[in-house]
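Asker: My structure is below; once you've seen it, I'll send some questions.
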Amino acid sequence: MNYNNKFELPGSYKKWTWGLIVAGLLAVLYGFIVFHPFAHPVHAEGGSHGNVNGTRFWAVLLQNSVYWLLTANAAMFFICITTLAMGGWQVAMRRVPEAISSVVPVLGLITFIILLAIVLGGRTDIYHWLDPNLYVKGTGTFDKILNGKHGFLNPTFFLVWSAVSIILWILLGRKMRSLSLKSDETGPMDHAEAKRWIDVNFTYASYFIVFFGLSVASTVPWLWLMSIDPHWYSTMYSWYTFASTFVSGLSLIAIFVIFLKNRGQLEYVTEEHLHDIGKFMFAFSVFWAYLWFDQYMLIWYSNQPEETRYFIDRIGTATKTGPYYGIFFFNLVVNFMAPLLILMRKSSKRNWTIVTFVAVLIIFGHWIDFFQMIMPGTVGPNFELMPFEFGIACLFIGVIMWGVGGYLTKHSLVAKNHPFLKESMIHHT
Amino acid sequence: MSGIKKFVVGSFDDEVVLFPAVKNVRKAGYKIHDVYTPFPVHGLDHAMGLRETSIHTAGFIYAVMGTTTALTFISWVFTKDWPLNIGGKPHFALPAWIPITFELTVLFSAVGMVLTFCYLCQLSPFVKKHHFSARSTDDHFVMVIECTEKTNDSEVQSFLQSVGAKDINIQVAESGWWLGRYDKEQKLYREELGY
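Encoded structure:
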């Protein structure tokens with residue numbers, strides 16, 4: 001019952017962290033040497049690629065950096081929505097999403113470097129709209145549609161807005177975390193102080209949510225992911241990306257909460273809290289499936305050639321099966337059917353083993369989801385799911401474990417002076 | 430309809446008193462017939478040792494029935510009974526059916542669960558049950574203890590008094606439900622005033 005005892009990471013955790021990071025760095029090194037990522041890209045949309053492996057290198061880096069960055073950032077989104085909703089139940093485990101969101105600066109920097117390399121390196125095989133010939137009127141390469149989108153899809157706006165987004169996530173996230181950490185030192189609050197403290201939290205959480213809506217729930221997925229298929233657009237896309245990363249973020253929170261509980265920490269977190277995390281995972285898996293289906297059904301129903309193109313690249317047509325057919329429907333089974341059926345019962349949401357299993361499944365499933373969002377427009381049918389792809393994922397998992405482990409050992413695991421802590425301790429669903 | 434039985438009825442005016450009282454009454458080995466409260470009391474079912482409801486299992490079964498009904502009926506209509514060419518789509522147009530399938534799943538599950546709930550609670554028009562205390566709909570938490578031949582009424586009464594009941598009496602009442610009207614209930618039981 002001692003709030004202040006610092007958590008010591010077990011040796012196996014450190015071993016896994018560094019093992020994953022080293023494995024990931026080896027994969028990057030392998031890619032650098034074997035895939036010639038800086039060779040000039042030969043591009044033609046849907047046509048032949050000169051250097052598929054070079055494209056593959058950048059596409060895999062883009063997939064992993066964006067996926068893990070948005071997943072880690074979803075932890076801060078979780079803190080902010082529960083703050084705005086005046087939620088009390090999550091306070092006992094609040095330091096876990098804080099720890100996960102503390103990785104955002106590192107992942108944001110990595111992501112920005114990768115985006116910078118892709119855009120400044122003129123990787124037209126990743127972002128077709130980078131090709132300057134598309135905007136020269138009167139030539140054979142002039143593209144009327146992309147010329148119309150040029151005000152939005154251009155390197156300057158892309159990089160400036162990406163930088164602004166990442167920096168604001170970092171700054172607002174840091175403010176939320178520092179408010180929480182500062183309450184550890186200032187001691188118990190009386191009613192007026194607590195009210196003021198909650199108000200400040202409330203204000204910064206609202207800033208974060210508003211900016212989150214302007215970035216993750218709209219512009220950032222358009223720029224980073226949807227512009228891979230620049231002629232195609234879907235109004236569902238950003239919500240889809242948000243749902244995907246939010247449910248993986250919740251799963252990541254669940255995994256770390258269960259890990260700490262297994263190490264005998266977080267004494268106030270009980271099955272009741274696990275039950276609520278399980279409900280969130282269940283609900284947002286269904287929400288993701290709802291958006292998946294909306295996007296698919298509307299495009300299937302209206303049958304406009306410029307829209308169906310997206311699905312033809314993935315699952316093919318009635319007569320010819322596309323290269324991503326298996327992955328596309330596997331995605332639906334893992335991310336919708338499995339959480340729906342496994343987490344439906346109350347007893348399974350309160351079972352630490354089952355929630356861990358489903359959380360790992362969801363994180364893997366949405367990684368595959370991002371894979372099928374990015375690969376068809378870049379490497380096309382020549383995609384591979386080889387040790388290189390998993391190696392890069394290991395690098396990012398290792399970085400997250402490193403950052404989260406660091407935060408958890410540096411700070412108290414219980415926000416002991418949070419005014420809602422008691423509400424969380426006696427929480428009963 | 431399970432017949433006329435004898436009950437000791439204790440009314441509490443505070444749920445804080447009610448919880449330990451329920452625990453003590455159960456510990457003393459008395460059989461709690463039911464506890465009637467003006468509003469749902471969180472955790473009371475747990476304190477009374479009632480088992481988890483299985484209404485969600487019923488809901489799942491109704492939902493699966495709804496899904497099956499929707500898919501079999503729509504697919505039969507559009508592929509066998511009355512195939513129509515709608516925008517050149519295949520006759521077996523699964524994505525277009527999903528919204529209706531979803532709606533029917535929800536409808537079956539919701540309506541089925543409401544009816545099951547009414548059945549389990551014996552709620553229906555014309556079904557009447559004995560009211561142990563009218564104040565259980567207002568401000569009293571009413572605990573009803575069922576007596577057997579071996580139960581010593583006065584012992585139960587003094588026990589209820591010791592755990593904090595404000596108003597205690599003995600009622601001989603119909604324990605189940607009956608069809609009809611409340612003015613007939615006078616013939617079904619006689620009321621004995623308590624201490």
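Chains as they are written, first to last, in my numbering: chain A, 1 to 429; chain B, 430 to 624.
We put the beta carbon where it would ideally sit given N, CA and C, even for glycine.
Identify the contact partners of I527(B) in chain A, using a Cβ-Cβ distance below 8 Å as the criterion.
Answerer: Going along chain A in sequence order, the residues near I527(B) (Cβ under 8 Å) are F293, M297.
Asker: With 16 as the cutoff for other CB atoms within 10 Å, does S400(B) come out buried or exposed?
Answerer: Given a span of 430 to 624 for chain B in the structure shown, any question on residue 400(B) remains unanswerable.
Asker: For chain B, check one thing: does any of its Cβ atoms lie closer than 9 Å to the Cβ of A318(A)?
Answerer: It does: the Cβ of A318(A) has a partner Cβ on chain B nearer than 9 Å.
Asker: Confirm, please, whether the CB-CB distance from S424(A) to H418(A) is below 9 Å.
Answerer: Closer than 9 Å, so yes.
Asker: For the beta strand (DSSP E) containing G495(B), list its first residue and its last residue.
Answerer: Not the beta strand (DSSP E): G495(B) falls in the alpha helix (DSSP H), residues 484-504.
Asker: Tell me the rounded alpha-carbon separation between V446(B) and G593(B).
Answerer: Going from the Cα of V446(B) to the Cα of G593(B) covers about 7 Å.
Asker: Taking just the CA atoms, how far does S562(B) sit from K6(A)?
Answerer: C-alpha separation (whole angstroms): 56 Å.
Asker: Using the rule of at least 16 other Cβ atoms within 10 Å of the residue's Cβ for burial, across every protein chain shown, is I228(A) buried or exposed?
Answerer: So I228(A) counts as buried.
Asker: So for S604(B), helix, strand or coil by DSSP?
Answerer: Residue state, collapsed to three classes: coil.
Asker: Determine, for Y450(A), whether the minimum Cβ-Cβ distance to residues of chain B falls below 9 Å.
Answerer: Nothing can be reported for residue 450(A), as the shown portion of chain A is limited to 1 through 429.
Asker: Measuring CA to CA, which of T466(B), E481(B), A457(B) is closest to V571(B)?
Answerer: Minimum Cα distance to V571(B) is reached at T466(B).
Asker: Would you mind telling me which residues of chain A sit closer than 8 Å to H471(B), beta carbon to beta carbon, in chain order?
Answerer: Under the 8 Å cutoff, chain A gives H428.
Asker: Based on DSSP bridge pairs, tell me the residues matched to T321(A).
Answerer: Answer by DSSP bridge pairing, in chain order: G316(A).
Asker: With 16 as the cutoff for other CB atoms within 10 Å, does G46(A) come out buried or exposed?
Answerer: Residue placement at G46(A) cannot be trusted, given a pLDDT of 46 that sits under 50; the coordinates are not used to answer.
Asker: In whole angstroms, give me the CA-to-CA distance for H36(A) and T241(A).
Answerer: Distance between the alpha carbons of H36(A) and T241(A): 30 Å.
Asker: Give the straight-line distance between the Cα atoms of S65(A) and G398(A), rounded to the nearest whole angstrom.
Answerer: Cα to Cα, S65(A) sits roughly 13 Å from G398(A).
Asker: On the criterion of 16 or more Cβ atoms from any shown chain inside 10 Å, does N133(A) qualify as buried, or is it exposed?
Answerer: Exposed.
Asker: How would you write the range of the alpha helix (DSSP H) that K195(A) sits in, first residue to last?
Answerer: Its alpha helix (DSSP H) spans residues 191-214.
Asker: Mapping DSSP to helix, strand and coil, what is E575(B)?
Answerer: Strand, per DSSP.
Asker: Please confirm if P512(B) has its CB atom under 9 Å from at least one CB of chain A.
Answerer: By this cut-off, P512(B) is not an interface position.
Asker: Would you give the residue range spanned by the beta strand (DSSP E) that I433(B) belongs to?
Answerer: Where I433(B) is concerned, the enclosing beta strand (DSSP E) stretches over 433-441.
Asker: State the CB to CB distance for the pair G433(A) and D313(A), rounded to an integer number of angstroms; the pair is presumed to be in contact (CB under 8 Å).
Answerer: As shown, chain A starts at 1 and ends at 429. That puts residue 433(A) outside it, with no answer to give.
Asker: How would you write the range of the alpha helix (DSSP H) that K175(A) sits in, first residue to last?
Answerer: First-last of the alpha helix (DSSP H) with K175(A): 155-186.
Asker: What residue does the beta strand (DSSP E) around V464(B) start on, and which one ends it?
Answerer: Segment 460-465, the beta strand (DSSP E) holding V464(B).
Asker: Starting from the N-terminal side, write out each stretch of the beta strand (DSSP E) that is 3 residues or longer and does not extend beyond the segment 302-373 of chain A.
Answerer: The qualifying runs do not exist here; there are none.
Asker: If you measure from the CB of K509(B), is any heavy atom of the ligand COA nearer than 8 Å?
Answerer: Among the ligands in the structure shown, none appear at all, so the ligand COA cannot be discussed.
Asker: Does the distance from the C-beta atom of Q63(A) to that of F287(A) stay below 9 Å?
Answerer: Result no, Cβ atoms of Q63(A) and F287(A) do not sit closer than 9 Å.
Asker: Which residues, in order along the segment 302-315 of chain A, keep a beta-carbon less than 8 Å from a beta-carbon of chain B?
Answerer: Result list: N303.
Asker: Name the one or two DSSP bridge partners that D52(A) has.
Answerer: According to the sequence displayed, residue 52(A) carries Val and not Asp. Answer is none; V52(A) lacks a bridge partner.
Asker: Could you pull the DSSP bridge partners for K557(B) from this structure?
Answerer: According to DSSP, which records beta bridges pairwise, K557(B) is partnered with W607(B).
Asker: Have a look at L26(A) and I33(A) and give me their C-alpha separation to the nearest angstrom.
Answerer: Spanning the two alpha carbons is a distance of roughly 10 Å.
Asker: D568(B) bridges to which residues according to DSSP?
Answerer: DSSP lists no partner for D568(B).
Asker: If we define contact as Cβ-Cβ less than 9 Å, is W300(A) a contact residue for chain B?
Answerer: Closer than 9 Å: yes.
Asker: How big is the Cα-Cα spacing for H275(A) and S244(A)?
Answerer: Roughly 21 Å separates the two Cα atoms.
Asker: Counting beta carbon pairs with one atom in the segment 135-150 of chain A and one in the segment 211-226 of chain A, are three or more of them shorter than 8 Å?
Answerer: Output reads no: the segment 135-150 of chain A does not touch the segment 211-226 of chain A.
Asker: In angstroms, rounded to a whole number, what distance separates the CA positions of T124(A) and L130(A)?
Answerer: Rounded to whole angstroms, T124(A) to L130(A) spans 5 Å at the Cα level.
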